[in-house]
């Protein structure tokens with residue numbers, strides 16, 4: 062086995078060329094073994110084995126610097142840069158993160174998890190090299206799915222201004238997570254069909270030189286192409302055509318499902334665990350499909366992750382023109398939603414909290430300055446969401462709730478979510494964002510309020526005295542348990558409130574509370590800084606009411622344990638009750 | 062005069078074709094007269110007179126819908142859509158805003174002030190039309206300078222997915238505010254040089270149909286082209302070549318200076334007012350040019366507005382490779398800065414507060430997750446900045462200061478600004494954003510602290526008791542006046558504090574204050590929601606200390622008077638002193 066002896070890229074260079082394809086196959090076998098037991102990004106890594114070998118054969122990492130876009134396809138890179146044990150030894154599977162990580166290795170230059178950033182980041186490395194008089198190669202490796210993102214296109218446009226060495230490897234596997242969307246993919250097809258010879262060439266129109274590699278899973282072809290551009294004095298695109306999911310038939314066949322995997326049977330591909338219970342993506346898809354039938358102006362919008370709205374391929378077909386996947390292009394998704402709403406349609410855009418960050422200005426300017434009634438659904442906006450540092454969902458409250466005109470809602474149950482969603486789709490007054498609950502689906506069968514047009518009205522779910530608990534969205538159950546704990550300890554029943562609105566305060570209710578309560582507690586499933594609780598603290602700042610805000614401290618968490626984070630931030634009923642008791 | 066009789070586009074259609082060029086000249090004369098007295102966007106409007114006439118001659122606005130990118134070139138559109146008096150009658154000059162505005166006219170569909178949004182917004186209008194079974198034309202008018210922005214490129218890529226009518230007019234005047242940057246401009250040149258016939262065509266590579274208009278200031282040519290694409294069933298780009306500043310020699314010659322104008326002599330072009338005193342752009346350029354000479358790794362970055370850093374053409378030449386204008390591409394600007402810092406360079410990126418919004422995710426992910434030591438300067442982050450709704454500078458504190466790892470500094474004087482800037486450029490620990498003061502430059506000659514590495518240390522500038530005032534950045538002088546007022550009224554000297562840090566609290570100092578103060582006042586030149594003051598309110602929430610937060614309420618202001626806004630938000634020393642007195 063070659064792989065076992067690879068301590069660094071130097072060892073790759075020592076191998077005879079004919080051994081390199083074998084090494085790539087060994088890496089694929091290691092991927093199949095690890096990921097079938099552990100889960101992770103599957104298809105993207107299987108397809109990039111040969112290219113990774115060729116890159117490390119031709120270039121001299123880490124002097125030459127390779128920046129991987131999204132960086133979920135760096136598993137093979139990690140195997141060749143001193144981290145093979147994390148793929149070969151089951152006990153060490155968790156020794157590496159799922160993304161490039163400078164803390165792990167000198168061969169990694171950035172922690173990256175969002176798409177479309179590699180070209181611009183690599184331009185920065187190249188610019189610094191030029192200022193310092195260096196001569197190393199700078200290489201960006203970007204998948205075709207990432208090309209549609211604004212930052213990637215900006216980067217491709219800017220790159221030629223460097224007038225110096227930059228190599229952009231475009232890994233064309235004809236897929237985003239789902240199928241690709243956007244006109245540029247027709248151009249990639251034209252280039253594939255003409256062996257890269259078509260005159261109409263997106264990359265050349267950005268002023269970039271261009272090299273085509275027909276078989277991006279052929280190590281010799283790749284080595285030839287990379288060697289031809291090594292040390293070049295101007296930016297060049299190397300367009301390589303690879304097969305996503307290569308070497309594992311189920312993943313070659315159903316590329317969308319195998320983009321990322323949970324543990325599975327390596328023989329059959331059957332998942333080892335089947336998800337139990339409802340989930341909000343499924344609930345959303347069912348609602349939207351029904352609504353679309355009733356109203357032809359309802360349209361669902363995704364930005365490269367249709368699964369977040371529960372729209373698998375069959376449902377996308379069913380929805381027809383009432384479902385739009387803009388590709389990875391969140392800015393366009395929000396602008397599109399605003400434009401649809403401005404012209405009388407009823408758009409519902411859904412994405413993850415962490416990706417909504419990519420379109421902050423469009424939320425503010427394209428949508429909220431214009432006050433258009435679009436609906437946006439934010440998923441994984443919770444400590445219970447994705448837990449790696451580049452996909453955290455705990456920053457959206459400060460980002461979203463402080464934009465004027467925007468109504469940010471936080472439902473606590475399935476019933477409340479559906480009521481808010483339907484209200485939002487039908488109303489014509491406000492841009493509305495709904496923070497889809499983050500933990501398991503709670504369905505209490507209770508009919509929720511159907512009209513949210515009287516903004517910022519909180520609901521008192523339990524009347525009490527002395528202490529009031531404002532428990533937002535996902536943390537409503539925590540609020541309930543905290544109320545029980547305080548009552549058990551003090552004998553006094555606290556007031557429990559479901560605020561429902563994140564973006565404004567029920568000042569009338571807060572004023573009334575002050576008459577019979579001396580302490581107000583806020584609970585939010587997000588960072589405290591700039592969040593909901595601080596607004597309550599400001600409201601009561603000039604009064605004798607004591608305010609205790611609970612949420613997370615401002616930090617970048619990485620691969621955390623939820624219970625640890627909750628405890629560290631004193632987010633257990635016991636800790637909160639203790640804090641209340643200790644108030645002087 | 063034709064213009065006087067134009068009440069709506071219907072009247073344009075009634076004119077003989079040979080009168081249309083005359084109408085365009087009349088509009089230009091009106092622009093020269095109004096803008097020489099009033100100021101405004103000059104060059105962009107002069108160049109687009111004929112195209113605006115032709116659009117309204119061929120299409121049926123407002124049934125057909127025209128979306129103008131940035132929309133600072135809509136003056137002629139306003140003249141032809143019932144708003145001519147605002148350009149002909151000096152008493153009515155202020156009746157219209159400087160941007161498209163649905164509240165003014167049914168011919169305007171969005172309030173737009175940021176670039177690069179028109180194609181995606183127009184896609185939304187078109188999608189809603191298709192859902193509703195409409196047949197109107199949807200037209201986006203986008204300047205070449207706006208093409209480099211990520212949202213515009215995303216929109217061009219997505220547009221072909223509509224498979225229905227969309228007309229994208231690319232107004233190619235070979236300029237952004239300054240010269241264009243990016244590889245795509247070479248492609249536009251190739252297209253101009255070949256009368257649009259070159260096979261390598263950016264727009265075609267995005268799957269769009271393409272029509273070329275050699276003389277975009279020739280009404281007949283424009284009418285012919287627009288008529289040829291009217292009612293087409295697929296997205297088409299109409300590439301028109303126009304002359305920025307057309308008809309006014311100084312503006313034709315020096316396009317950058319005449320992009321926007323203050324009042325000037327219409328005979329000579331000489332400005333009527335010369336700015337007095339220093340400004341922070343000038344101070345920044347002088348610092349950076351000196352620093353660049355001393356250290357070849359220092360590099361200044363602009364994103365289409367080099368003037369914000371004081372880098373006019375001569376200085377750009379002087380800086381050579383140490384100055385980079387990425388064009389309108391804020392996302393790439395931040396990623397570039399992060400990449401440069403990661404590879405040992407010292408980048409300083411500068412832009413306006415309102416435009417920094419366009420790169421929120423890059424601040425968070427590309428820069429702060431990676432904790433790279435780049436410096437970002439935020440200008441016009443103040444109520445004293447630009448005052449139209451799309452360019453407000455009062456939202457950056459919640460946006461920026463709640464990102465982990467980021468150090469947000471607010472200097473109060475020139476000396477402090479330069480000390481912070483130099484510290485930031487030299488340090489290697491943190492991404493740093495500096496909120497350049499917003500009102501006039503204050504230079505007190507006092508040497509400022511030179512080391513800010515002990516984060517979140519506030520400076521007590523006046524020791525007192527009972528009341529403490531935390532007066533941030535631009536509002537430090539207001540804090541001083543407020544302290545004087547309170548002392549005059551109560552006889553007790555308040556404590557005055559210059560926090561310097563926006564992104565964190567000096568908890569030690571705040572704890573000490575609580576021993577001798579019962580009231581803490583915070584002053585910030587930004588919205589209160591998610592801001593600095595709320596963090597102070599949270600800190601003291603569990604204590605008896607009363608906190609009064611001053612800043613602006615969360616709303617979209619438009620063309621406001623500063624003194625009115627300050628008074629409405631109780632931001633005068635008298636009002637604050639009164640509030641303190643009224644505390645129970």
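Protein chains in written order, with the working numbering: chain Z, 62 to 645; chain L, 62 to 645. Glycine included, every Cβ here is placed at the ideal spot set by N, Cα and C. Bear in mind the structure is a predicted one, so any value in this text is a computation, not a measurement.
Within chain L, the residues placing a beta-carbon under 7 Å from that of residue 459 of chain Z are 459, 463 and 591, ordered along the chain. Beta bridge pairing from DSSP links residue 592 of chain L with no other residue. Pairing residue 303 of chain L with residue 108 of chain L gives a Cβ-Cβ distance under 8 Å. DSSP, read as helix, strand or coil, puts residue 246 of chain L in helix.
Residue 472 of chain Z sits close to residue 498 of chain Z, with the two beta carbons spaced by under 8 Å.
Rounded to the nearest angstrom, the gap between the Cα atoms of residue 94 of chain Z and residue 309 of chain Z is 11 Å. Residue 557 of chain Z: member of the beta strand (DSSP E) spanning 556-559, first to last residue.
Linking residue 455 of chain Z to residue 571 of chain L through their CA atoms gives a straight-line distance of about 27 Å. For residue 588 of chain Z, the residues of chain L that pass the 9 Å Cβ criterion are 463 and 465, in the order they occur in the chain.
Contacts between residue 596 of chain L and chain Z, judged by CB atoms closer than 7 Å, involve 590 and 595 in chain order.
Taking a beta-carbon distance threshold of 8 Å, residue 295 of chain L does not count as an interface residue toward chain Z. For residue 485 of chain L against residue 266 of chain Z, the beta-carbon gap comes to about 38 Å, at or over 8 Å, which does not count as contact. Residue contact with chain L for residue 302 of chain Z: absent (no Cβ-Cβ distance below 8 Å to any residue of chain L). Contact annotation for residue 382 of chain Z against chain L: 191 and 192 [CB-CB distance below 8 Å, chain order]. Close to chain Z, meaning a Cβ-Cβ distance shorter than 9 Å, are the following residues of the region 253-275 of chain L: 259, 260, 261, 262, 263, 264, 265, 266, 267, 268 and 269.
Proximity to residue 214 of chain Z across Z:244, Z:551 and Z:225 peaks at Z:244, based on C-alpha coordinates. For residue 433 of chain Z, the secondary structure class from DSSP, reduced to helix, strand or coil, is coil. If only uninterrupted beta strand (DSSP E) runs of at least 3 residues are considered, those enclosed by the region 437-511 of chain Z are 468-470 and 493-496. Around residue 357 of chain L, the beta-carbon contacts reaching into chain Z at under 7 Å are 192. Counting along the chain, residue 185 of chain Z sits inside no beta strand (DSSP E); it lies in the alpha helix (DSSP H) bounded by residues 179-193. Under the 8 Å criterion on CB atoms, residue 421 of chain Z is classed as interfacial with respect to chain L. In the three-state reduction of the DSSP assignment, residue 169 of chain Z falls in the coil class, being assigned neither a helical nor a strand state. Assignment of beta strand (DSSP E) within the region 347-377 of chain Z, counting only whole runs of 3 or more residues, yields 359-363 in chain order.
Residue environment: residue 139 of chain L is assigned as buried (16 or more neighbouring CB atoms within 10 Å of its CB, all protein chains considered). Residue 199 of chain Z is positioned such that its CB atom lies no closer than 8 Å to that of residue 162 of chain Z. Proximity of chain Z to residue 385 of chain L at the Cβ level (cut-off 8 Å) is accounted for by 188 and 222, in chain order. Relative to residue 353 of chain L, the option among L:368, L:409 and L:314 whose CA is nearest is L:409.
Residue environment: residue 599 of chain L is assigned as buried (16 or more neighbouring CB atoms within 10 Å of its CB, all protein chains considered). Here residue 338 of chain L is exposed. Its C-beta has fewer than 16 other C-beta atoms within 10 Å. Close to chain L, meaning a Cβ-Cβ distance shorter than 9 Å, are the following residues of the region 226-244 of chain Z: 242, 243 and 244.
Straight across, the Cα-Cα distance linking residue 264 of chain Z with residue 414 of chain L is about 32 Å. Among the residues facing chain Z, residue 425 of chain L is included, as its CB has a counterpart in that chain under 8 Å away. In the DSSP annotation of this structure, the continuous segment of the alpha helix (DSSP H) that includes residue 314 of chain Z starts and ends at 310-314. Taking a cut-off of 8 Å for Cβ pairs, the region 616-628 of chain Z and the region 572-590 of chain L do not touch, as fewer than three such pairs fall below it. For residue 523 of chain L, the secondary structure class from DSSP, reduced to helix, strand or coil, is strand. Relative to residue 141 of chain L, the option among L:121, L:151, L:155 and L:130 whose CA is nearest is L:121.
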